[in-house]
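In this note's numbering, the protein residues as written are 24 to 726.
Since the structure comes first, as structure tokens, the remarks are kept for the end.
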Ligand code: SF4
Ligand code: SF4
């Protein structure tokens, strides 16, 4: 055995021991976390991993930097295979042991050589951007000096890795050829570099060995530095993507322990019943998340995988409008808190306390209540981190353990409990919106009640879920009336619940009151079951999301159709014929509601309707999955916004006005309220109108 081999094996063992100790530390931290979901659907996960992690699809949402980043990632994958050969060479004392792979070996060597140059150039660009350009995405209160230093150290190490790889290849070519030996592998870049040098064989050999050792030692150091760096994502991003949540972005996790509590409240006999499948028998220590020991393994994994790229924060409506909230900070705080408290918990057990907590000491209540639950952060994150899940879990703690929600939210909770709506309206008034609906020719439009239909032995095909805004908000009542006219015009078999309708629970859930949400949901499911409801139509994307994605966890599964999807389908069937001259000269821009778009990926239905209505459809700068929230979601519509530079709805209204449109089309009650307010504040309500898509159809059809 050569001395080189002894030295190499010794250093390799040191590296493995150091890495194993770090891994053991992380495993202990993971043991402190709470369960999340069960990892099933391996095929589906593999496809997501291939698309998002290896295909880098989300990175390409911003194409230029995305391409550079993707090249670095792909290059790393190729170079990793080459590094395996270096490892085997080091252990066996041979050179190019994988040469028996023939052409495959040549391809790996050649692509590794080219990628080394590409990565080096990309890293120089990344470093220059960080050092000399004032990129907003890299700033923020969470981005302390140490974060920037860490990023620069890791980038410099990658650059040195690539330089040493090219150096190794270059002097391998020179020393091999000068010794009259055949070259193993093909090296397009290093071939050129080799022609630039004129050294003796001895010097070539020394330079080859120097680069070889520099490269492998850098790999060893890098492997042990990474777990303490933001570049840990090099290891963690692929597993994190594989372990992504598979549900639509709009779905929040159901707290099984709350379900059990609520079932007992609604039916005390359940107290003695065995827990249902998936329910926990033990009561948890607390509801929601106060500190790091309440974080699920997925939440902690997310925090380890975070690249601190700031893509999430750069699209966050709260952050854009100057509020304290930064989704990147939330994720980084989780990681930092585990680093701070984890060792104490490992040593002293779950009773350990350091007198601090994640909420308040790391993340303020102000940050948590500024979130609109728009999911822009989760949509943008290149490694599928889900920030809203963390935020809602912390809200759940504040609401259910401390009753510490902002006062306005406490009021809507009691309104929902008492009146079945976030406002102080009587349930008895739920059908007032439907009084005296007439078409242009004064034909009365009758809105059928489900209870009456049943009494007459009829079973309508659809339940039209009007929603609290549709029943009580003066402006939005017009949308309910417009849609009712369309349903009558189409002769659709439908009915409404009328005074039996109550809040879907969506707003309570997003504001952290899981208990109230589940009470509403279970009560609604019981009513739906009573009437045998299979299909639900609604104009409200929030209700649509909750019924479609969240009620199934509680036993209610329905076909849920947003009114834009319903209208789009009737247009496609030719049942709605829009007159050629209707709205043709009107410029219309469409604001994507977060819970129709990002949460449920419906971007096309509203656009297809608008294209049928007007040749003047125009898009805002941020549209479809990039669309900016109106600022109303996550309970924001019912409370004062947190302190910032401006209101979210003003930012969005200005963007809509920039298009020069005559009409801002919306498809959500919250969005309608916010955009209408925005137009008022801008003194534009006379020039620019805000209509729901159902209203535009009614206008076009002259109903
Ligand atoms: S959900 Fe929206 S508001 Fe909340 S942190 Fe993410 S981007 Fe910001
Ligand atoms: S959470 Fe995702 S988008 Fe945000 S900084 Fe981390 S990796 Fe980037």
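All residues carry an ideal CB built from backbone N, CA and C; glycine is no exception.
Quick caveat, the model's predicted, so the values are computed rather than measured.
Identify the continuous beta strand (DSSP E) that holds residue i and give its terminal residues.
i: residue 688; result: 686 to 689
i: residue 583; result: 582 to 585
i: residue 732; result: Because residue 732 is not part of the residues shown, which for the chain are 24 to 726, the question remains open.
i: residue 336; result: That residue, residue 336, is in no beta strand (DSSP E); its alpha helix (DSSP H) goes 334 to 337.
i: residue 571; result: Neither: residue 571 is in no beta strand (DSSP E) and is coded neither H nor E.
i: residue 488; result: 485 to 488
i: residue 499; result: Unbroken run through residue 499: none, as it is neither H nor E.
i: residue 611; result: 610 to 613
i: residue 561; result: 558 to 561
Compute the Euclidean distance between the alpha carbons of residue i and residue j, then round it to the nearest angstrom.
i: residue 360; j: residue 329; result: 14 Å
i: residue 314; j: residue 717; result: 46 Å
i: residue 337; j: residue 649; result: 11 Å
i: residue 572; j: residue 274; result: 6 Å
i: residue 116; j: residue 25; result: 7 Å
i: residue 578; j: residue 597; result: 36 Å
i: residue 230; j: residue 194; result: 6 Å
i: residue 32; j: residue 90; result: 38 Å
i: residue 352; j: residue 541; result: 30 Å
i: residue 660; j: residue 618; result: 15 Å
i: residue 75; j: residue 178; result: 23 Å
i: residue 580; j: residue 34; result: 58 Å
i: residue 153; j: residue 339; result: 21 Å
i: residue 599; j: residue 630; result: 16 Å
i: residue 256; j: residue 603; result: 55 Å
i: residue 611; j: residue 690; result: 13 Å
i: residue 654; j: residue 98; result: 41 Å
i: residue 614; j: residue 583; result: 21 Å
i: residue 27; j: residue 109; result: 13 Å
i: residue 96; j: residue 142; result: 9 Å
i: residue 698; j: residue 645; result: 15 Å
i: residue 671; j: residue 410; result: 19 Å
i: residue 207; j: residue 226; result: 20 Å
i: residue 566; j: residue 375; result: 42 Å
Considering only heavy atoms of ligand 2, does any lie closer than 7 Å to the CB of residue i?
i: residue 164; result: no
i: residue 14; result: The shown model of the chain, from 24 to 726, leaves out residue 14, and the question about it has no answer.
i: residue 481; result: no
i: residue 333; result: yes
i: residue 404; result: yes
i: residue 351; result: yes
i: residue 62; result: no
i: residue 354; result: yes
i: residue 102; result: no
i: residue 408; result: yes
For my contact list, residue i and residue j are in at a C-beta cut-off of 8 Å; report their separation, rounded to the angstrom.
i: residue 105; j: residue 125; result: No, residue 105 and residue 125 are not in contact; Cβ-Cβ is about 15 Å, not under 8 Å.
i: residue 747; j: residue 52; result: Residue 747 is absent from the model: the chain starts at 24 and stops at 726.
i: residue 187; j: residue 234; result: 5 Å
i: residue 492; j: residue 605; result: At roughly 27 Å, the Cβ-Cβ gap does not stay under 8 Å, so residue 492 and residue 605 are not in contact.
i: residue 415; j: residue 535; result: 6 Å
i: residue 253; j: residue 170; result: 7 Å
i: residue 663; j: residue 388; result: With a Cβ gap of about 14 Å, residue 663 and residue 388 do not count as contacting.
i: residue 241; j: residue 180; result: 6 Å
i: residue 665; j: residue 347; result: 7 Å
Can you name the start and end residues of the alpha helix (DSSP H) that residue i belongs to?
i: residue 672; result: 671 to 681
i: residue 641; result: No alpha helix (DSSP H) holds residue 641; the beta strand (DSSP E) holding it covers 639 to 641.
i: residue 321; result: 320 to 328
i: residue 633; result: 627 to 636
i: residue 436; result: 430 to 442
i: residue 282; result: 279 to 289
i: residue 209; result: Premise fails: residue 209 is in no alpha helix (DSSP H) and is neither H nor E.
i: residue 704; result: 692 to 704
i: residue 416; result: 410 to 419
Below 7 Å, is the gap between the Cβ of residue i and the nearest heavy atom of ligand 1?
i: residue 694; result: no
i: residue 614; result: no
i: residue 348; result: yes
i: residue 338; result: yes
i: residue 412; result: no
i: residue 397; result: yes
i: residue 400; result: yes
i: residue 653; result: no
i: residue 67; result: no
i: residue 650; result: no
i: residue 341; result: yes
i: residue 691; result: no
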